[in-house]
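Novice: Going line by line, the protein sequences match chains A and B.
As numbered in our numbering, the first sequence has no gaps in its residue numbers, which increase by one up to the final residue, 736.
As numbered in our numbering, the second sequence has no gaps in its residue numbers, which increase by one up to the final residue, 182.
Where a beta carbon is used, it is the ideal one built from N, C-alpha and C, also for glycine.
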Amino acid sequence: MALLQISEPGQSQAPHEHRLAVGIDLGTTNSLVATVRSGVATVLPDANGRPLLPSIVRYLEGGKVEVGYPAQARQAEDPKNTIISVKRFMGRGLKDVAHVESAPYDFVDAPGMVQIRTAGGVRSPVEVSAEILKVLRERSELSLGGNISGAVITVPAYFDDAQRQATKDAGKIAGLNVLRLLNEPTAAAIAYGLENASEGLYAVYDLGGGTFDISILKLSKGVFEVVATSGDSMLGGDDFDQRLFCWAVEKAKLPPLGPKDMRLLLMKSREAKEHLTLHAEAPITARLSTGDFVDLKIDTEAFCSITQTLVNKTLGPVRKALRDAGLTVDDMRGVVMVGGATRMPQVQRAVGEFFRRDPLNNLDPDKVVALGAAMQANVLAGNKPQGEDWLLLDVIPLSLGLETMGGLAEKIIPRNTTIPAGRAQEFTTFKDGQTGMSIHVVQGERELVSDCRSLARLELKGIPPMSAGVARVRVSFQVDADGLLSVSARENTSGVEASVTVKPSYGLADADIERMLRDSFEHAKDDVHARALTEQRVEGQRLLEATRSALAQDPSLLADEEREAIERAMRSLESVLAGTDHRRIKHAADALNRATEEFAARRMDAGIKRALAGRKIGSL
Amino acid sequence: MSAGAAKALTSSSHFELFGLPPVFSLDQEMLEKAYRDIQSQVHPDRFAHAGDAERRASLQWTTRVNEGFQILRNPVSRARHLLELHGVDVAFETNTAMPAEFLMQQMELREKLEEAKAAKALDDLRKNLSAERRSLEAQIARAIDAEKNYRGAAGLVRKLKFLERLDEEIDSAYEAFE
Numbered sequence: 117m118a119l120l121q122i123s124e125p126g127q128s129q130a131p132h133e134h135r136l137a138v139g140i141d142l143g144t145t146n147s148l149v150a151t152v153r154s155g156v157a158t159v160l161p162d163a164n165g166r167p168l169l170p171s172i173v174r175y176l177e178g179g180k181v182e183v184g185y186p187a188q189a190r191q192a193e194d195p196k197n198t199i200i201s202v203k204r205f206m207g208r209g210l211k212d213v214a215h216v217e218s219a220p221y222d223f224v225d226a227p228g229m230v231q232i233r234t235a236g237g238v239r240s241p242v243e244v245s246a247e248i249l250k251v252l253r254e255r256s257e258l259s260l261g262g263n264i265s266g267a268v269i270t271v272p273a274y275f276d277d278a279q280r281q282a283t284k285d286a287g288k289i290a291g292l293n294v295l296r297l298l299n300e301p302t303a304a305a306i307a308y309g310l311e312n313a314s315e316g317l318y319a320v321y322d323l324g325g326g327t328f329d330i331s332i333l334k335l336s337k338g339v340f341e342v343v344a345t346s347g348d349s350m351l352g353g354d355d356f357d358q359r360l361f362c363w364a365v366e367k368a369k370l371p372p373l374g375p376k377d378m379r380l381l382l383m384k385s386r387e388a389k390e391h392l393t394l395h396a397e398a399p400i401t402a403r404l405s406t407g408d409f410v411d412l413k414i415d416t417e418a419f420c421s422i423t424q425t426l427v428n429k430t431l432g433p434v435r436k437a438l439r440d441a442g443l444t445v446d447d448m449r450g451v452v453m454v455g456g457a458t459r460m461p462q463v464q465r466a467v468g469e470f471f472r473r474d475p476l477n478n479l480d481p482d483k484v485v486a487l488g489a490a491m492q493a494n495v496l497a498g499n500k501p502q503g504e505d506w507l508l509l510d511v512i513p514l515s516l517g518l519e520t521m522g523g524l525a526e527k528i529i530p531r532n533t534t535i536p537a538g539r540a541q542e543f544t545t546f547k548d549g550q551t552g553m554s555i556h557v558v559q560g561e562r563e564l565v566s567d568c569r570s571l572a573r574l575e576l577k578g579i580p581p582m583s584a585g586v587a588r589v590r591v592s593f594q595v596d597a598d599g600l601l602s603v604s605a606r607e608n609t610s611g612v613e614a615s616v617t618v619k620p621s622y623g624l625a626d627a628d629i630e631r632m633l634r635d636s637f638e639h640a641k642d643d644v645h646a647r648a649l650t651e652q653r654v655e656g657q658r659l660l661e662a663t664r665s666a667l668a669q670d671p672s673l674l675a676d677e678e679r680e681a682i683e684r685a686m687r688s689l690e691s692v693l694a695g696t697d698h699r700r701i702k703h704a705a706d707a708l709n710r711a712t713e714e715f716a717a718r719r720m721d722a723g724i725k726r727a728l729a730g731r732k733i734g735s736l
Numbered sequence: 005m006s007a008g009a010a011k012a013l014t015s016s017s018h019f020e021l022f023g024l025p026p027v028f029s030l031d032q033e034m035l036e037k038a039y040r041d042i043q044s045q046v047h048p049d050r051f052a053h054a055g056d057a058e059r060r061a062s063l064q065w066t067t068r069v070n071e072g073f074q075i076l077r078n079p080v081s082r083a084r085h086l087l088e089l090h091g092v093d094v095a096f097e098t099n100t101a102m103p104a105e106f107l108m109q110q111m112e113l114r115e116k117l118e119e120a121k122a123a124k125a126l127d128d129l130r131k132n133l134s135a136e137r138r139s140l141e142a143q144i145a146r147a148i149d150a151e152k153n154y155r156g157a158a159g160l161v162r163k164l165k166f167l168e169r170l171d172e173e174i175d176s177a178y179e180a181f182e
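#1: Tell me, which residues are paired with T270 (chain A) by DSSP?
#2: Which of the three DSSP states is assigned to V595 (chain A) in this structure?
#3: Would you say N709 (chain A) faces chain B, with C-beta separation under 8 Å as the test?
#4: Taking CB distances under 8 Å as the criterion, tell me whether I723 (chain A) reaches chain B.
#5: Go ahead and pull the three-state DSSP assignment for N146 (chain A).
#6: Give me the residue from A:V156, A:L176, A:V159, A:A187 with the minimum Cα distance to A170 (chain A).
#7: Any idea what DSSP makes of H556 (chain A), helix, strand or coil?
#8: From the beta carbon of E173 (chain B), is the nearest beta carbon of chain A less than 8 Å away?
#9: Taking H645 (chain A) as the reference, give the member of A:R699, A:R658, A:Q559 with the closest Cα.
#10: Among A:L176, A:K203, A:K180, which residue has its Cα nearest to the Cα of E193 (chain A)?
#11: What residues from chain B crowd round A716 (chain A), counting only those whose CB sits closer than 7 Å?
#12: What is the residue span of the beta strand (DSSP E) that V230 (chain A) lies within?
#13: I'd like to confirm something about H703 (chain A): is its beta-carbon nearer than 7 Å to some heavy atom of the ligand GTP, or not?
#14: Any Cβ of chain A within less than 8 Å of the Cβ of I42 (chain B)?
#15: So which of A:A457, A:A493, A:I289, A:E397 has the shortest CA-CA distance to K326 (chain A)?
#16: In chain B, which residues lie less than 8 Å from T712 (chain A) when you measure between Cβ atoms?
#17: Give the C-beta separation of P167 (chain A) and V159 (chain A) to the nearest angstrom, bearing in mind that I take them to be a contact with Cβ-Cβ under 8 Å.
#18: Cβ of D203 (chain A) within 8 Å of Cβ of G139 (chain A)?
#19: Say whether the stretch 257-271 of chain A touches the stretch 295-307 of chain A, bearing in mind that this needs 3 or more beta-carbon pairs closer than 8 Å, one atom from each stretch.
#20: Quick one: which chain A residues come within Cβ less than 9 Å of Y154 (chain B)?
#21: Specify, as a first and last residue, the run of the beta strand (DSSP E) that E526 (chain A) falls within.
#22: Note down, in chain order, every chain A residue with its Cβ under 7 Å from the Cβ of Q45 (chain B).
#23: Label S245 (chain A) either buried or exposed according to how many other C-beta atoms from any shown protein chain fall within 10 Å of its C-beta, with 16 as the threshold for buried.
#24: Quick one: list the residues of chain A neighbouring A52 (chain B), beta-carbon separation under 8 Å, in chain order.
#25: When you compare only the Cα positions, how much space is there between N78 (chain B) and Q559 (chain A)?
#26: I want to see whether chain A comes within less than 8 Å of F96 (chain B), judged by CB atoms only; does it?
#27: Does the separation of the CB atoms of L133 (chain B) and K163 (chain B) fall below 8 Å?
#28: Going along the chain, which residues of the stretch 425-450 of chain A sit with their C-beta nearer than 9 Å to a C-beta in chain B?
#29: Run down chain A in chain order and give the residues with a C-beta less than 7 Å from the C-beta of N99 (chain B).
#30: Relative to the C-alpha of L476 (chain A), which residue among A:G498, A:V451, A:R239, A:A711 is closest?
#31: Could you pull out every unbroken beta strand (DSSP E) segment of at least 3 residues lying fully inside the stretch 440-467 of chain A, listed in chain order?
#32: Buried or exposed: which applies to V339 (chain A), given that a residue is buried once 16 or more other Cβ atoms fall within 10 Å of its Cβ?
#33: Find the nearest neighbour of H18 (chain B) within the set B:D93, B:E88, B:A57, judged by alpha-carbon distance.
#34: Name the DSSP beta bridge partners of Q541 (chain A), please?
#35: Taking the alpha-carbon of G723 (chain A) as reference, which of B:Y39, B:R137, B:V161, B:E112 has the nearest alpha-carbon?
#36: Since G720 (chain A) meets chain B, which of its residues come closer than 9 Å, beta carbon to beta carbon?
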């Protein structure tokens, strides 16, 4: 008989050292990195003490890249190679991008995501974002004095699958272990909810540089539950600059402008917008290369009137989110303001009037997302003991579906479904002897496929010939905790496993990511092989540590020989870990993962039993 | 209860997953509490640093728990699930026969919806509708929980589904005004 070690559930967790984890707000205008130090979330500044990193990347001849303030300083003189607001292009095709005509870039209409031709070569928005993330990674490694074990990167709640995937890919290319993509309003709620210890229903109104999000959250003890989310991923502070820019062109009766003048006047418009937050009047002055001298003044009233439609445009999604949640303004306990663009007095006023209460804005709207992300990264890294951490339940913002006959979209997972979520649907063939099936995955709320976003196309081949309507093709959707979708298809009647290939419509293929990884290390004089080895070692260590702690926690779930099998797999991983062959480490880690599959399933079962048992005792 | 029904209850019941009694008049607070307690054990955030096997198991479990919660939270899907456990198919797709009186009433409501010119009219419509839904839910609770009249309940659930669809149409109508 096996001797069982008795341990109190949840108390025998093996202690581990504090893991360095960061939260990154990859913003349209500015990006930030934050971490939790001695229990307090703080933004990590650069060497000059500046917390913000302007999300601006400049490509120079010969492969040199400037990021942040140096790029910002040169944007008016080198607009073609200086990419601003790249977040607007993430996961987007050329036809989706607003104001293409006024953007100075040399766009390349690649299949899927748009690309930009620069002095440093043709670049995808994913690579441009990766440059920003790389600077933030280096900043945090320098400031925390070690390798970052994982990062949480925030995305607008309203980002679709293609935009999320692009963000995660950028993290990978920047050499980050992306623990989670976190929705920006949810990150803000973490920062606010914990600071203020508030419970109840809250709305988070997040107007950033290029995106607008509204999330309705239910806060209760230790749980952040997103009830509904909505937004507009093409609406933000940039659009207010654009309105002001157009106003200035018209007022000053300017002829069509070249790229440099355009960028200069846009910068001046932005400065004027920011000035109007605290002043009743702002100047717009610029000497253009044409010799024209712009000398205008705009007051608050005029600015409000030219941007009124933009402010109103945000309220549509707010109403929609409330309706989806089955709630009214009166149910809300508070409304939280996030994003630099909420500094504009007319935005504060409109939101206050809509919710009939003063919005909460006591945390810096530029920093609150990064702070919340850092707090979540700290939890995911396992640095907070159970009981002091919290549970985050988020939703997908847009319905996921398939194209059916006649170009109609059939919803498989509706918007505002809590993630992770999965659903399977059966389809059949409509022709006798049909051996293939084409599956088109779309995202959006509209009925016509052409009005939704195309996410991927799957080709199912090798179905044995049968009469029409006999084949049973099961299409399974799985959305993970990052809100990312994977789709698989299988034909069931024949028992034949049919092959499936996924061609992402907007995302990058694995080969693209690999190439970008290689490119990015070429300039950094880093060695791809060395990087892979380090990664596999870290991964292997992590796996060993996790397995050890699981064994210590739930020893009673395994028979002796099962435990021995796992320990054997652990020993063989340990023995190759110090070696230099990253493939062997990967191989041994995979074997250990396989060896622990059954154990993992039993641990989940035991966890659920514990949860239910605890509840019954509690309710007696 | 037939032997088949009893077996179905133990094998695929969402109620069982949450350790709750299989009744229509479910205590929503208990459901939410059980859901959170289980999520706090299986959610992927708890396994961000675990091995692949545990992360996969966590994803599968959370997906199942979310699906079960979704089904039990909504009255129409909860009733449908309960009736299925008792071997009764609600047959939303195939059984569209409805009492004439109910259909007349539905047509009137839809006419009102089409005539609605402002959000205020939709507010009123929704108010009436939710009163009607509550009364129907009370009837379903009686049929399932007290009378164990599962076939009879199926007709009521089909009615409730009708009202749920109308509610969704009211949502679309609000959007059209904006």
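Specialist: Per the coordinate set shown:
#1: T270 (chain A) is bridged to A:D141, A:L298.
#2: Three-state result, V595 (chain A): strand.
#3: Chain B, which has a Cβ nearer than 8 Å to the Cβ of N709 (chain A), makes this yes.
#4: Going by the sequence as given, residue 723 (chain A) is Gly instead of Ile. When Cβ-Cβ separations below 8 Å define contact, G723 (chain A) makes contact with chain B.
#5: N146 (chain A): strand per DSSP, three-state reduction.
#6: Note on identity: in this sequence residue 170 (chain A) is Pro, with Ala being the wrong assignment. Comparing Cα-Cα distances from P170 (chain A) to each of A:V156, A:L176, A:V159, A:A187, the minimum goes to A:A187.
#7: H556 (chain A): strand per DSSP, three-state reduction.
#8: False, the Cβ-Cβ gap to chain A never drops below 8 Å.
#9: Ranking A:R699, A:R658, A:Q559 by Cα distance to H645 (chain A) puts A:R699 first.
#10: Taking only the C-alpha atoms, the option nearest E193 (chain A) is A:L176.
#11: Residues of chain B whose Cβ lies closer than 7 Å to the Cβ of A716 (chain A) are, in chain order, A57, E58, A61.
#12: In the DSSP annotation of this structure, V230 (chain A) is not part of any beta strand (DSSP E), being labelled neither H nor E.
#13: As presented, the structure is devoid of all ligands, the ligand GTP included, so that no description of it is given.
#14: With respect to chain A, the C-beta atom of I42 (chain B) has a partner C-beta closer than 8 Å.
#15: Inspection of the sequence shows that residue 326 (chain A) is occupied by Gly rather than by Lys. If we check each option's Cα against that of G326 (chain A), A:A457 comes out closest.
#16: Result: G55, A57, E58.
#17: The pair is a contact, with the Cβ atoms about 5 Å apart (cut-off 8 Å).
#18: One detail in the question is off: residue 203 (chain A) reads as Lys in this sequence, not Asp. For the 8 Å CB-CB criterion, K203 (chain A) and G139 (chain A) do not form a contact.
#19: Remark: three or more beta-carbon pairs, one from each stretch, lie closer than 8 Å, so the stretch 257-271 of chain A and the stretch 295-307 of chain A are flagged as touching.
#20: Neighbours of Y154 (chain B) on chain A: none; closest Cβ ~26 Å, over 9 Å.
#21: Segment 524-529, the beta strand (DSSP E) holding E526 (chain A).
#22: Chain order gives the chain A residues near Q45 (chain B) as G723, I724, R726, A727, where near means a beta carbon separation below 7 Å.
#23: Burial is judged here by how many other beta carbons sit within 10 angstroms of a residue's own beta carbon; S245 (chain A) has at least 16 and is buried.
#24: By Cβ distance, chain A contributes G266, L295, R296, L496, A497, G498.
#25: Each residue's Cα considered, the two are about 24 Å apart.
#26: Look at F96 (chain B): its C-beta is not under 8 Å from any C-beta on chain A.
#27: In this structure, L133 (chain B) sits away from K163 (chain B), with a CB-CB distance that is not shorter than 8 Å.
#28: Correct list: L431, G432, R435, K436, R439, D440.
#29: Here the premise fails: no neighbours, minimum Cβ distance about 20 Å.
#30: The option with the nearest alpha carbon to L476 (chain A) is A:V451.
#31: Qualifying beta strand (DSSP E) stretches, in chain order: 450-454.
#32: So V339 (chain A) ends up on the buried side.
#33: Closest option to H18 (chain B), Cα to Cα, is B:E88.
#34: Its beta-bridge partners are A:V591.
#35: Closest option to G723 (chain A), judged by alpha-carbon separation, among B:Y39, B:R137, B:V161, B:E112: B:Y39.
#36: For the sequence presented, residue 720 (chain A) should be read as Met rather than Gly. Residues of chain B passing the Cβ test: Q45, V46, E58, A61, S62, Q64, W65.
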